[in-house]
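Take a look at the structure below.
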Amino acid sequence: MRKQIAAANWKMNLSYQEGEQLLKDVMTSDVTLAEHHQVIFAVPHPYLVMAQNAVSEKRGFYAAAQNCSQHEKGAYTGEVSAPMLQSVGVEYCIVGHSERREYFREDNATLAQKLNLCFQVGITPIFCCGEPLEVRDREKQNEFVAQQLQESLFHLEDAQASQLVIAYEPIWAIGTGRTASAAQAQEMHAFIRSVLAAQWSEEVAGKVSILYGGSVKGANAQEIFANEDVDGGLVGGASLQAAEFVQIIKALKH
Ligand code: PGA
């Protein structure tokens with residue numbers, strides 16, 4: 480089976496001490512991961528080394544950055560590069576979260592540069608896509624997401640594309656408590672997979688884990704993850720409480 484992934488996106492929340500405790504609570508809980516399960520914690524940059532140490536104690540657990548620069552190095556005050564992340568052992572990085580796109584004006588071309596740098600240093604990008612509400616209301620979500628994929632991903636080689644993790648996060652479902660229905664999620668995930676198959680191959684498309692994000696919580700995770708093309712979730716708010724996130728991990732397909 481494809482990798483099934485529960486990814487926590489802490490965003491700009493929690494102190495170092497709170498983060499350390501949360502990691503410990505999840506890691507020492509009674510969850511047992513199947514061979515094809517992965518649990519990823521996307522933490523603020525200053526916590527990465529701590530998180531990296533914490534996750535290295537158990538198979539299947541990983542730390543991720545929430546963002547990286549589109550530049551490799553140099554005079555970019557305040558930025559963190561993909562090679563820097565790699566140098567502290569980070570294996571995953573979220574690229575193109577809708578909050579980065581909206582508040583920091585990251586466009587599809589910039590995200591393509593970030594993806595290239597991640598691949599150059601062996602970091603697996605978790606590439607986010609998803610439409611705003613007005614696009615969904617006009618029923619143009621497929622066209623919108625296809626363009627995001629085309630402009631940021633289509634230049635990748637087969638071997639890179641097959642390593643991608645994609646997170647479909649309809650913007651109207653992020654932090655709003657309004658989740659896409661299981662049917663809406665499955666429909667879009669199958670569409671994304673068909674776009675990957677057309678650009679690369681069925682084989683590549685079959686390898687890519689496509690996560691759903693947007694108000695996933697303990698109570699709805701199982702219904703969403705049960706769909707054929709949904710390979711887990713990218714979880715914001717509900718990942719900040721150990722018990723809730725553990726319930727989400729337990730909802731991964733077996
Ligand atoms: P949410 O956020 O689970 O709080 O809706 C998801 C995300 O933005 O990754």
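Residues are numbered in my numbering as their position in the sequence shown, beginning at 1, plus a constant of 479. All residues carry an ideal CB built from backbone N, CA and C; glycine is no exception.
query, result
"Presumed contact (8 Å Cβ cut-off) between Ala543 and Ala486, rounded CB distance", "7 Å"
"Proximity test, Ile703 beta-carbon vs the ligand PGA heavy atom, cut-off 7 Å", "no"
"Residues bridged to Cys572 (per DSSP)", "Ala544, Pro604"
"Cβ-heavy atom distance, Asn492 to the ligand PGA, below 7 Å", "no"
"Contact between the segment 511-518 and the segment 557-567 (3+ Cβ pairs under 8 Å)", "no"
"Check: Glu648 C-beta below 7 Å from any heavy atom of the ligand PGA", "yes"
"Nearest-angstrom Cα separation, counted from Glu581 out to Ala588", "14 Å"
"Heavy atom of the ligand PGA within 7 Å of Asn532 beta-carbon", "no"
"DSSP three-state assignment for Phe633, whether helix, strand or coil", "coil"
"Sequence-distant residues of its chain with Cβ nearer than 8 Å to Ile605 (five each side left out)", "Ala486, Ile519, Ala521, Ala543, Tyr571, Cys572, Ile573, Val574, Val644, Ile645, Ala646, Leu690, Leu713"
"Reduced DSSP category for Ala659 - H, G, I as helix; E, B as strand; rest coil", "coil"
"Run of the beta strand (DSSP E) containing Tyr555, from where it starts to where it stops", "That residue, Tyr555, is in no beta strand (DSSP E); it is neither H nor E in DSSP."
"Beta-carbon gap between Ala669 and Gly693 smaller than 8 Å", "no"
"Stretch pair the segment 598-616 + the segment 680-687: three plus CB contacts closer than 8 Å", "no"
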